[in-house]
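Only one structure is covered here, and it is reproduced in the block below.
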Amino acid sequence: MLYRLLIASTLALTSLTVIGSSASAQIAFTNMNSGTLRLADGQNNVLESSVSGELTISVEPNTSATIQVFAPNFISGATSDPNGTIRTASLTFGGTTIDNNTSGGAILPTGTNTNVKVNMQIQRPIWFRPGTYQYQVPLTVTAN
258 MLYRLLIAST LALTSLTVIG SSASAQIAFT NMNSGTLRLA DGQNNVLESS
308 VSGELTISVE PNTSATIQVF APNFISGATS DPNGTIRTAS LTFGGTTIDN
358 NTSGGAILPT GTNTNVKVNM QIQRPIWFRP GTYQYQVPLT VTAN
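Under my numbering, the sequence shown has 302 at position 45, and the numbering climbs by one with no breaks.
See the structure below:
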């Protein structure tokens, strides 16, 4: 007998790091919105983005900046991630998509506001227990 688990989950974009000399004056983050996760269809062991996390990144003209995304971190939930859990995150802007396995990240456009969408997936070796889960996806922007 198949039953539906009640799981409320969020994808938080609260871990942003800017690296580089005077980078804070050259790079700005606005419109940060957390995403929403759901159980994948027919897979009670996989949480995935149903609504992307979103933010806007502004890089001043004549400034080069690289963005990287890292694997999601478990923040809270009915049960913590067991050994063997696979965590992946990706981000998309314009025609560019990178994930946490992309070496070196991607170059952000300059002199404009760039809308970035962040998605993630958590695949456990066992089912998620009913409850509320929260994960955080770290992003790093480096002024080159």
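Even for Gly, the Cβ is constructed at its ideal location relative to N, Cα and C.
Predicted model, so just to flag it, every value in this text is computed and none were measured.
Cβ shell of residue i (< 6 Å), same chain only, five flanking positions each side left out
{"i": "F327", "result": "N357, P395"}
{"i": "F350", "result": "T371, V373"}
{"i": "V316", "result": "I284, A322, L365, T367"}
{"i": "G341", "result": "P382"}
{"i": "T287", "result": "T313"}
Per DSSP, the bridge partner or partners of residue i
{"i": "T283", "result": "Note that residue 283 corresponds to Gln in the displayed sequence, not to Thr. Partner(s): none; Q283 has no beta bridge."}
{"i": "I364", "result": "T323"}
{"i": "E311", "result": "N290, K374"}
{"i": "S306", "result": "L294"}
{"i": "T369", "result": "V316"}
Own chain, CB closer than 8 Å to residue i, minus 5 neighbours either side, in chain order
{"i": "P207", "result": "Look at the range of the chain in this structure, 258 to 401, and you will see that residue 207 is not part of it."}
{"i": "L262", "result": "With a pLDDT of 43 at L262, under the threshold of 50, the modelled position of that residue is not reliable, and no figure is offered here."}
{"i": "P318", "result": "T367, G368"}
Residue range of the beta strand (DSSP E) that includes residue i
{"i": "A346", "result": "343–350"}
{"i": "F434", "result": "For the chain, the structure presents residues 258 to 401; residue 434 sits outside this window and is missing."}
{"i": "D298", "result": "First-last for D298: undefined, no H or E at that position."}
{"i": "D233", "result": "It is not possible to answer for residue 233, since the shown part of the chain is limited to 258 through 401."}
{"i": "V398", "result": "396–400"}
{"i": "T389", "result": "388–393"}
7 Å CB neighbourhood of residue i in its chain, flanking five on each side removed
{"i": "R344", "result": "A328, P329, I379"}
{"i": "A297", "result": "V303, E305"}
{"i": "S347", "result": "V326, T354, I355, D356, N376"}
Environment of residue i [buried if 16+ CB atoms lie within 10 Å]
{"i": "S337", "result": "exposed"}
{"i": "G310", "result": "buried"}
{"i": "G292", "result": "buried"}
{"i": "M258", "result": "At M258, the pLDDT of 29 sits below 50, so the modelled position is not reliable; the number obtained from the coordinates is stated separately. Classification of M258: exposed, given that the 10 Å Cβ count is below 16."}
{"i": "A400", "result": "buried"}
{"i": "G334", "result": "buried"}
Residue i at chain D interface by Cβ criterion, 8 Å
{"i": "Y392", "result": "As a matter of chain content, chain D is missing from the structure shown, which is built from one protein chain."}
Q: Examine the Cβ distances between the region 354–369 and the region 307–326 and report whether three or more of them are shorter than 8 Å.
A: yes
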